[in-house]
Amino acid sequence: MSQATRPEHDDELPDRGATQTDVGEIVAAHDEERPARQLSRRPDLLVYLVALAVAVLVLKQVFYPLTKGNQYYLVIFLGCTLPLVFLCYRPGGRRPKGDRDDPAWYDWVLSAIALLVGFYPVLPVPSGGFDAFLDRQGSLSTLDIVAGALLLLLVLEATRRTTGWILPVICAAFIGYAYYGGFLPQNWGIAHAGVDFNQIINALYNDASGFYGTPLDVAASYIVLFTIYGAVLNASGAGQFFVDFSFAAFKRSRTAPGRTTVLSGFLLGTVSGSGTATAVSLGAITWPILRRAGYPKEQAGGLLAASGIGAILSPPTLGAAAFIIAEYLQTSYLTVLIWATIPTVLYYLGIVFAVEADARRFGAKAVETEHASAWRLLLRGGYHFLSLAIIVVFLALDIPPFAAVVYATGVAAVFALISGLVRAEGGPGAAVLKWLRDIVDALSAGVRGALPVVAVCAAAGIITSTITKTGLGQELADALVQAAQALTTNPTAILVLTVVFSALAVGVLGLAVPVTASFIIAWVVIGPALGALGVADAERAMFIFYYAVLSEVTPPTALAAVASAAITGGRITGTMMQAWKYTLPAFLVPIAFVLTDNGSALLLQTDPLTVLWVAAASIVAVAALSVVTGGWLAGPVRLPVRLLFLPGALCLLYLEPPVVAIGLGCCVLGLVAQLVLRRRETIKEVRDAG
Numbered sequence: 000m001s002q003a004t005r006p007e008h009d010d011e012l013p014d015r016g017a018t019q020t021d022v023g024e025i026v027a028a029h030d031e032e033r034p035a036r037q038l039s040r041r042p043d044l045l046v047y048l049v050a051l052a053v054a055v056l057v058l059k060q061v062f063y064p065l066t067k068g069n070q071y072y073l074v075i076f077l078g079c080t081l082p083l084v085f086l087c088y089r090p091g092g093r094r095p096k097g098d099r100d101d102p103a104w105y106d107w108v109l110s111a112i113a114l115l116v117g118f119y120p121v122l123p124v125p126s127g128g129f130d131a132f133l134d135r136q137g138s139l140s141t142l143d144i145v146a147g148a149l150l151l152l153l154v155l156e157a158t159r160r161t162t163g164w165i166l167p168v169i170c171a172a173f174i175g176y177a178y179y180g181g182f183l184p185q186n187w188g189i190a191h192a193g194v195d196f197n198q199i200i201n202a203l204y205n206d207a208s209g210f211y212g213t214p215l216d217v218a219a220s221y222i223v224l225f226t227i228y229g230a231v232l233n234a235s236g237a238g239q240f241f242v243d244f245s246f247a248a249f250k251r252s253r254t255a256p257g258r259t260t261v262l263s264g265f266l267l268g269t270v271s272g273s274g275t276a277t278a279v280s281l282g283a284i285t286w287p288i289l290r291r292a293g294y295p296k297e298q299a300g301g302l303l304a305a306s307g308i309g310a311i312l313s314p315p316t317l318g319a320a321a322f323i324i325a326e327y328l329q330t331s332y333l334t335v336l337i338w339a340t341i342p343t344v345l346y347y348l349g350i351v352f353a354v355e356a357d358a359r360r361f362g363a364k365a366v367e368t369e370h371a372s373a374w375r376l377l378l379r380g381g382y383h384f385l386s387l388a389i390i391v392v393f394l395a396l397d398i399p400p401f402a403a404v405v406y407a408t409g410v411a412a413v414f415a416l417i418s419g420l421v422r423a424e425g426g427p428g429a430a431v432l433k434w435l436r437d438i439v440d441a442l443s444a445g446v447r448g449a450l451p452v453v454a455v456c457a458a459a460g461i462i463t464s465t466i467t468k469t470g471l472g473q474e475l476a477d478a479l480v481q482a483a484q485a486l487t488t489n490p491t492a493i494l495v496l497t498v499v500f501s502a503l504a505v506g507v508l509g510l511a512v513p514v515t516a517s518f519i520i521a522w523v524v525i526g527p528a529l530g531a532l533g534v535a536d537a538e539r540a541m542f543i544f545y546y547a548v549l550s551e552v553t554p555p556t557a558l559a560a561v562a563s564a565a566i567t568g569g570r571i572t573g574t575m576m577q578a579w580k581y582t583l584p585a586f587l588v589p590i591a592f593v594l595t596d597n598g599s600a601l602l603l604q605t606d607p608l609t610v611l612w613v614a615a616a617s618i619v620a621v622a623a624l625s626v627v628t629g630g631w632l633a634g635p636v637r638l639p640v641r642l643l644f645l646p647g648a649l650c651l652l653y654l655e656p657p658v659v660a661i662g663l664g665c666c667v668l669g670l671v672a673q674l675v676l677r678r679r680e681t682i683k684e685v686r687d688a689g
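Numbering that gives the first Met the number 0 puts the sequence shown at residues 0 to 689.
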């Protein structure tokens, strides 16, 4: 840790500050993904070697894919990774008391069964090999059904161990609906003929869907590669460099600590795919500085949570759901990155505006830190940015994302070697050996870090397969639109209400399940509802994606805020509300995607002139919302003035020129009113002082 990250005196440490807290335990306690075991040497070595073998398989598949096809690869991938879940994750969420945290006998049994039924479709005996297994599609043997049913139970248990009870319960409810749907009253829209249990297993186990559908394909083809890339980048020292650079980038001022936190969160997002983990890692470094600057615990925790969640929104390594968007819409990952550009800028602008207001409202102080200049740090470690740029450049050259990230990983590894050789203390031989060990460790760690996502993606395949088999998605989408139509007959009002209902539904769903799963479920249920009202694919996909992500800072769960409160020692409820305040503009901006045709300009899908005025209007809207939530504009803002800015911001987000003009008018009136009131207050203060 650099000197910039350490308080000067012991009495400046927080009551429950990050320097006195096990960061890993905080992440484990509050992240959506449950904590992994701390294995002893022998089981850890076994997991290490298997994960390393999977990493080699994934890398080989990029350039030399298996000849029997993608489903064959997914069978092998799941057969290798699913057993690791039972060795790496406990049946309960917390670490048991005592020193031992190794798998129990039943974990080894479950792991062995997972290995057997996972590889069953490709074994020459007793399945007859992969081709024979596929030939039995629609008429599986009794042994096939038993193996598929066992795999279903194991996937649900793996998901429970890694993410909790809610997603497995949802999966079980969908399976129950598929089987018992024929018993529902036939006048109900969601009633269907019912699906035989054998056909349910066939759809999950034998079709190129279910367990081996798009979600698992994305996990095995993209997500694992990006987690490996993040692990290699982190092993090269990129994480610490990004934080040090953020401290050096801003001069000494009362707003510098807040700005540093925001920039650090953005940069750390490139090496972490978890919003909660990023918030906690960020807090361990920046909370002492924020405290010395005078940030109250709740404000600091809210800022950490908001900045951490940006990790899932920040190009070029968006969250796992972004890869699923690319697959579902059959578009390039670069296109999804382009769509995310302006919304990401607006997200961080909202946080920066709030930082500027907060620093003045509660009188933050400048903090002296010791660090090298930003230019010197760039000269010494700027190569860490190169691999990020390579991903974007290669995507622009139409190189597939899974190949681009492999090349970027290679570049990061080469620069790590060069850096190690330059700074080698034990000679070049020792530096090379250390580098090799670090890279091999990173390959294994990347696969281990992806295990929870693999379990979630396999479970999500259960939901999507069931919805497709029963037609439930369209029925629920129709019900959503009909609910809006029951309240009004105006087409515009129907769209607005459907969008609001959809935002609430995705937010509530995201409170219960991880971002990837909530996006997949919402896409097959809410996506068709928005599509029926004329919303284009890109707009509805990004709308659902952003609300799935923002659920991590949505009360009453707000996992990122809870974890940040554990770092700062602030009240959980207060920290949640502050995080919600910092991210409020981000909650409203995605609605602009889908309300009007001009919303596509926020995703850079129209002509440059439209993009410019739409982006400008959105920036003003975000600034106006920051005035409403932050209560500061050249001084405290009274409630009547806030009530002028609120409708102004809402009108600005309805991206039609006449409505935008009304919004600008409201904001101008609010600005004039604030200036007049501030002038009167200043005159009164001068008179009172005289």
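Glycine is no exception: its CB is placed at the ideal position from the N, C-alpha and C atoms.
Asked                                                                                                                                                                                 : Found
What's the call for L396, buried or exposed, on a 16-neighbour Cβ count within 10 Å?                                                                                                  : exposed
A688: buried (16+ other C-beta within 10 angstroms of its C-beta) or exposed?                                                                                                         : exposed
Kindly provide the ranges of any alpha helix (DSSP H) runs that are 4 or more residues long and lie completely inside the stretch 597-679, ordered along the chain.                   : 607-629, 638-651
Is DSSP giving Y694 helix, strand or coil here?                                                                                                                                       : The structure shown has nothing for residue 694, since the chain only spans 0 to 689.
Ignoring anything shorter than 4 residues, give me the alpha helix (DSSP H) runs that lie fully in the stretch 98-134, in order along the chain.                                      : 104-118, 129-134
Tell me whether A688 sits in a helix, a strand or coil according to DSSP, three-state version.                                                                                        : helix
When DSSP labels each residue in this structure, what does A35 get in the three-state scheme?                                                                                         : strand
In the DSSP assignment, find the unbroken alpha helix (DSSP H) run with S263 in it and report its ends.                                                                               : 255-267
Alpha carbons only, please: which of R447, D143, L654, S220 is nearest the one belonging to A325?                                                                                     : S220
Closest to A516 by CA distance: which of L496, A459, T465 is it?                                                                                                                      : A459
Take the Cβ of S313 as the centre, count every other Cβ of all protein chains shown within 10 Å, and call the residue buried at 16 or more, exposed below.                            : buried
Just verifying my parser: in three-state terms, what is the DSSP assignment at A28?                                                                                                   : Per-residue confidence for A28 stands at a pLDDT of 49, beneath the threshold of 50, marking its modelled position as unreliable; the derived number appears in the next sentence. Helix.
Write down every uninterrupted run of the alpha helix (DSSP H) in the stretch 290-363 whose length is 4 residues or greater and which is fully enclosed by it, in chain order.        : 296-308, 319-327, 332-360
Under the rule that 16 or more other beta-carbon atoms within 10 Å means buried, what is V261, buried or exposed?                                                                     : buried
Are the stretch 185-201 and the stretch 539-552 in contact at 8 Å, needing three or more beta carbon pairs?                                                                           : no
One question on the structure: do L602 and A537 come within less than 8 Å of each other, judged by their Cβ atoms?                                                                    : yes
Could you tell me the distance, in whole angstroms, from the CA atom of V116 to the CA atom of V351?                                                                                  : 51 Å
Exposed or buried, K683, counting other C-beta atoms within 10 Å across all chains shown (16 or more means buried)?                                                                   : exposed
Assess, as a yes-or-no matter, whether the stretch 173-190 is touched by the stretch 424-439 under the definition of 3 or more beta carbon pairs within less than 8 Å.                : no
Short of 8 Å in beta carbon distance, which residues of its chain neighbour R570, apart from the five on each side in sequence? Order them along the chain.                           : K296, E297, A564
Ignoring anything shorter than 4 residues, give me the alpha helix (DSSP H) runs that lie fully in the stretch 520-575, in order along the chain.                                     : 536-549, 558-567
In chain order, what residues of the same chain lie with their CB nearer than 8 Å to the CB of L670, ignoring the 5 residues before and after it?                                     : L632
Taking DSSP as the reference, what is the three-state secondary structure of G212?                                                                                                    : coil
Could you compute how far the alpha carbon of H29 sits from the alpha carbon of T609?                                                                                                 : Its pLDDT being 49, under 50, H29 is placed unreliably in this model, and the coordinates cannot settle the point.
Please return the same chain residues whose Cβ sits closer than 6 Å to the Cβ of A319, not counting the five positions on each side in sequence.                                      : I222, V452, T515
Could you check what DSSP says for I493 in three-state terms: helix, strand or coil?                                                                                                  : helix
Give me the residue from A492, L450, G662, M541 with the minimum Cα distance to V84.                                                                                                  : L450
At the level of alpha carbons, what is the spacing between S703 and S501?                                                                                                             : The shown model of the chain, from 0 to 689, leaves out residue 703, and the question about it has no answer.
Which whole-angstrom value describes the C-beta separation of A578 and A591, a residue pair presumed to lie in contact below a C-beta threshold of 8 Å?                               : No, A578 and A591 are not in contact; Cβ-Cβ is about 22 Å, not under 8 Å.
Below 8 Å, can you find three or more Cβ-Cβ pairs linking the stretch 299-313 to the stretch 325-335?                                                                                 : no
Between the C-alpha atoms of F246 and S252, what's the straight-line distance to the nearest angstrom?                                                                                : 12 Å
Can you check the stretch 148-213 for any alpha helix (DSSP H) of at least 4 residues that lies completely inside it and give the ranges in chain order?                              : 165-179, 196-204
Note down, in chain order, each residue of its chain lying with its Cβ closer than 8 Å to the Cβ of S464, except the 5 sequence neighbours on either side.                            : A202, L203, D206, S208, G209, G212
Report the CB separation of L385 from V410 in whole angstroms; it is logged as a contact under 8 Å.                                                                                   : 6 Å
Between G381 and the rest of its own chain, which residues show a CB-CB distance below 7 Å, the 5 nearest in sequence each way excluded?                                              : none
For the stretch 230-249 against the stretch 48-63, do three or more pairs of beta-carbon atoms, one drawn from each stretch, fall closer than 8 Å, so that the two count as touching? : no
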